[in-house]
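To keep things clear, I will list the structure first and then write my remarks on it.
Residue numbers (this note's numbering): 2 to 75.
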């Protein structure tokens with residue numbers, strides 16, 4: 002935080018400094034290639050579909066078991 006003797010920076014100056022520094026940092030980033038992005042996107046979509054099938058199947062099995070349990074106990 003600021004000490005009592007430290008002057009606060011003008012909000013507009015702070016914003017410009019922040020944007021300038023952010024831009025400089027983004028230039029240093031090693032961005033993935035289009036091929037890598039496509040590959041990783043397909044992996045994520047595949048895993049999402051696999052998990053959806055798994056949890057859908059688990060839900061169906063548990064629902065069938067609960068319906069059977071209710072039928073047996075009534």
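Quick reminder that beta carbons are idealized off the backbone N, C-alpha and C, glycines included.
State the start and end residues of the unbroken alpha helix (DSSP H) segment that holds residue i.
i          : result
residue 28 : 12–28
Would you tell me roughly how many angstroms separate the C-alpha atoms of residue i and residue j, rounded to the nearest one?
i          : j          : result
residue 44 : residue 58 : 21 angstroms
residue 75 : residue 62 : 20 angstroms
residue 67 : residue 50 : 25 angstroms
residue 60 : residue 52 : 12 angstroms
residue 26 : residue 33 : 16 angstroms
residue 23 : residue 36 : 26 angstroms
residue 15 : residue 48 : 42 angstroms
Is residue i helix, strand or coil when you go by DSSP?
i          : result
residue 38 : helix
residue 32 : coil
residue 75 : coil
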